[in-house]
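Protein chains in written order, with my numbering: chain A, 148 to 354; chain B, 2 to 269.
All residues carry an ideal CB built from backbone N, CA and C; glycine is no exception.
Step one of this worksheet: look at the structure below.
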Amino acid sequence: MVDYLKFTPEISNNWSRAWHETQKQRPWAFKRLLDASTESQMESKLWLTTELMSADISSKNVALLGGWFAHIITTLLMDEVNVDTVTNFEIDQDAKFISYKFNRRYKPNYKAKRKNITISSLNENCDLIINTSCEHMFPMWKFRELNPQLKNSWYVLQSTDDDQYDDHINCVKDEFHLAEQANFTDIKYSGEKKLPNGMTRFMVIGR
Amino acid sequence: MENTVLCVRWGDKYDDTYVKKLKEQLEKHLTVPFNFYCLTDNPKEEYDIQLPTVWDKYYRADNKMFWAYRKCYMFNIDKYFPQIKGSQFLYFDLDVLIHQNIDCMFELDVYRPYIVRGWWNDAVNCKKNYGQIKSPPLNSSCIRWHRQQLSLIEKHIDKHKEVIFFTYRTIDNYFNHFWYNIWEEDIPYHERERGADVGKSIPAFDAGIDFLQGFPKGYFYSWYKGNIFPDDMEDHKLRLDHKVCLFNNSYNSPDDEMKDIEDIKKLW
Numbered sequence: 148m149v150d151y152l153k154f155t156p157e158i159s160n161n162w163s164r165a166w167h168e169t170q171k172q173r174p175w176a177f178k179r180l181l182d183a184s185t186e187s188q189m190e191s192k193l194w195l196t197t198e199l200m201s202a203d204i205s206s207k208n209v210a211l212l213g214g215w216f217a218h219i220i221t222t223l224l225m226d227e228v229n230v231d232t233v234t235n236f237e238i239d240q241d242a243k244f245i246s247y248k249f250n251r252r253y254k255p256n257y258k259a260k261r262k263n264i265t266i267s268s269l270n271e272n273c274d275l276i277i278n279t280s281c282e283h284m285f286p287m288w289k290f291r292e293l294n295p296q297l298k299n300s301w302y303v304l305q306s307t308d309d310d311q312y313d314d315h316i317n318c319v320k321d322e323f324h325l326a327e328q329a330n331f332t333d334i335k336y337s338g339e340k341k342l343p344n345g346m347t348r349f350m351v352i353g354r
Numbered sequence: 002m003e004n005t006v007l008c009v010r011w012g013d014k015y016d017d018t019y020v021k022k023l024k025e026q027l028e029k030h031l032t033v034p035f036n037f038y039c040l041t042d043n044p045k046e047e048y049d050i051q052l053p054t055v056w057d058k059y060y061r062a063d064n065k066m067f068w069a070y071r072k073c074y075m076f077n078i079d080k081y082f083p084q085i086k087g088s089q090f091l092y093f094d095l096d097v098l099i100h101q102n103i104d105c106m107f108e109l110d111v112y113r114p115y116i117v118r119g120w121w122n123d124a125v126n127c128k129k130n131y132g133q134i135k136s137p138p139l140n141s142s143c144i145r146w147h148r149q150q151l152s153l154i155e156k157h158i159d160k161h162k163e164v165i166f167f168t169y170r171t172i173d174n175y176f177n178h179f180w181y182n183i184w185e186e187d188i189p190y191h192e193r194e195r196g197a198d199v200g201k202s203i204p205a206f207d208a209g210i211d212f213l214q215g216f217p218k219g220y221f222y223s224w225y226k227g228n229i230f231p232d233d234m235e236d237h238k239l240r241l242d243h244k245v246c247l248f249n250n251s252y253n254s255p256d257d258e259m260k261d262i263e264d265i266k267k268l269w
């Protein structure tokens, strides 16, 4: 079980500079960065890492879809799961910029690209696709349709049934609904977790 | 160069009066020759042209938003409205009040099409809410383009309609994500450094992010939101030194329609 993040001096260096530079250069993004660093965010990424390692999937190149600032998840993937590369596909220019600052130590194995993955296919070869923001975008069957070259890759998806937010445009009723949206036929894990903020999150690992 | 002004009317939010009033305002404030057409679901007048309905099945009434994607048919004139004449196009929403001569709108160099930049919006707030698909800096109440110049937007919508209509409840949010660069809006086009933050050139986001540009400050203001953030934000105020007042009351909002506002009725 992975229940903490190893806060090494190198992480401390990258993260403190990233917080400082965000406050100085992109102050409007600071609140969102706080939102991305809560106890619940940490819990959901630790849960993902634990189940991914239990699922015994051998992955080297990860695509994060809508990975936001990707500071927690990249650290866990690199340091615990031991993947080789992480590429974060984000629509938000601020998130791309700030995520580089948090993940400086992994250069050149961490990359962020500005791309809308619901309408454009990936050029990268990834054997693991992680989307912890499914509630914010079109159902994942579209991504799989756009990327037939990734048919053997594994997917880790998270979503919620919490529809009180305007930008939760695609909530699901449970983990089975989430798997169904992605047209999974091979499921390694499915489950739900109540987070400290009261939100129920669903997760499925499959393809 | 033949000039054409378009408007679009569907449903019952606006009646025929709005179209007639817009036409009268144009005849008063445009001294260059122009064609006038109204694209509508209910053609009655000689200037009316039937709107297509091919995207209607994607409209989700439960979204409770004014579904303005029907405007986007006009971006591909040759495909949907080959009978429409003209090369230089100007579009207006129906709820606008024109204060002065607008010939200059046809004199703009449209190397990139123009759309209303709502200068009353706080750019910081627009960036902050970008990922949440809200607070767009744009307003599609007036658009200026060359005949087929916007056809790539219509093609983009048509190709990805399922995703776009699902994801973007308003066209302004869609334009903001795909066709306008809020991060570099103050930087001249040729000086923009895409991808400079990672130290090397990266192709523009999905190719179109630097496409649309905002009309200059001083052209438009908003009756309900003000003029320029943060210095001139008084709402419900006429600014006759500007060219056009926009109303844009939101869907189901308690705001008055322009035909019900006494100060406006005198000028309309």
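*Going straight from the alpha carbon of B/S142 to that of B/Y92, what length do you get?*
8 Å
*Looking at C-alpha atoms only, which residue of B/W121, B/D16 and B/H237 is the closest neighbour of B/F230?*
Of B/W121, B/D16 and B/H237, the smallest CA-CA separation from B/F230 is found for B/W121.
*Proximal residues, the region 126-145 of chain B versus chain A, C-beta separation under 8 Å*: Residues N126, K128, K129, Y131, G132, Q133, I134 and K135.
*Residues that DSSP places opposite B/T41 in a beta bridge*: B/R10 and B/Q51
*Between the Cα of A/L180 and the Cα atoms of A/I277, A/F349 and A/A242, which residue gives the shortest distance?*
A/A242
*Exposed or buried, which one is B/C105 when buried takes at least 16 other CB atoms within 10 Å?*
exposed
*Using a Cβ-Cβ cut-off of 9 Å, state whether A/Q240 counts as contacting chain B.*
A/Q240 counts as touching chain B.
*asked:* If you reduce the DSSP assignment to three classes, tell me which class B/F221 lands in.
replied: strand
*Is the CB of B/I154 under 9 Å away from at least one CB in chain A?*
The beta carbon of B/I154 sits no closer than 9 Å to any beta carbon of chain A.
_Taking the beta strand (DSSP E) that B/H237 belongs to, which residues open and close that run?_
Premise fails: B/H237 is in no beta strand (DSSP E) and is neither H nor E.
*Distance, Cα to Cα, A/L152 vs A/L269?*
30 Å
_Closest by C-alpha distance to B/E163, when choosing among B/I134, B/L139 and B/K58_ = B/K58
*Where DSSP assigns a beta bridge to B/V117, which residues make up the other side?*
B/N140
*How long is the line joining the alpha carbons of A/N294 and A/T234, rounded to whole angstroms?*
16 Å
_Going by DSSP in three states, B/N36 sits in which element: helix, strand or coil?_
strand
*Find out if the Cβ-Cβ distance for the pair A/D314, A/H283 is shorter than 9 Å.*
Yes. Within cutoff.
*asked:* I'd like to confirm the pairing. Which residues does DSSP put opposite A/A210 in its beta bridges?
replied: A/T234 and A/I276
*Could you check if B/L241 is buried or exposed, using at least 16 other CB atoms within 10 Å of its CB as the buried criterion?*
exposed
_Status (buried if at least 16 other CB within 10 Å, exposed otherwise) for A/T185_ = Taking all protein chains shown into account, A/T185 has fewer than 16 neighbouring C-beta atoms within 10 Å of its C-beta and is therefore exposed.
*Give the single residue among B/D96, B/M2 and B/I158 whose Cα lies nearest to the Cα of B/C8.*
B/C8 has its Cα closest to that of B/D96, out of B/D96, B/M2 and B/I158.
*Return the CA-CA distance between B/Y81 and A/L325, expressed in angstroms with no decimal places.*
39 Å
_Restricting to Cα atoms, I'd like to know which of B/Y15, B/I210, B/L27 and B/F76 is closest to B/S152._
Of the residues B/Y15, B/I210, B/L27 and B/F76, the one whose Cα lies closest to the Cα of B/S152 is B/F76.
_Members of the region 175-186 of chain B near chain A, C-beta cut-off 8 Å_ = H178, F179 and W184
_Burial state of B/M259 (16 or more Cβ within 10 Å)_ = Buried: at least 16 other Cβ atoms inside 10 Å.
_Here's the rule I'm using: 16 or more other beta-carbon atoms within 10 Å means buried, otherwise exposed. How should A/Y253 be labelled?_
A/Y253 is buried by the Cβ-count criterion.
*asked:* Distance cutoff 9 Å, beta carbons only. Does B/T168 sit that close to anything in chain A?
replied: It does: the Cβ of B/T168 has a partner Cβ on chain A nearer than 9 Å.
*Kindly say whether B/E28, judged by its beta-carbon, lies nearer than 9 Å to any beta-carbon of chain A.*
no
*Have a look at B/N4 and A/Q305 and give me their C-alpha separation to the nearest angstrom.*
52 Å
_Three-state secondary structure assigned by DSSP to A/L193_ = Helix.
*asked:* Whole angstroms are fine: how far does the CA of B/L213 sit from the CA of A/M189?
replied: 39 Å
*For chain B, find out if any of its Cβ atoms is closer than 9 Å to the Cβ of A/D176; answer yes or no.*
Position check: residue 176 of chain A holds Ala in this sequence, whereas Asp was assumed. Answer yes: the Cβ-Cβ gap between A/A176 and chain B drops below 9 Å somewhere.
*Under 8 Å Cβ-Cβ, which residues of chain A neighbour B/V164?*
T265, I266, F285 and K289
*Could you check what DSSP says for A/L325 in three-state terms: helix, strand or coil?*
helix
*My guess is that B/F221 and B/V117 are in contact by the Cβ rule of under 8 Å, so how many angstroms apart are they, rounded?*
5 Å
_Buried or exposed for B/T32, going by 16 or more other Cβ atoms inside 10 Å?_
With fewer than 16 other Cβ atoms within 10 Å, it is exposed.
*Alpha carbon to alpha carbon, how far is B/I78 from B/V20?*
Their backbone Cα atoms lie some 20 Å apart in a straight line.
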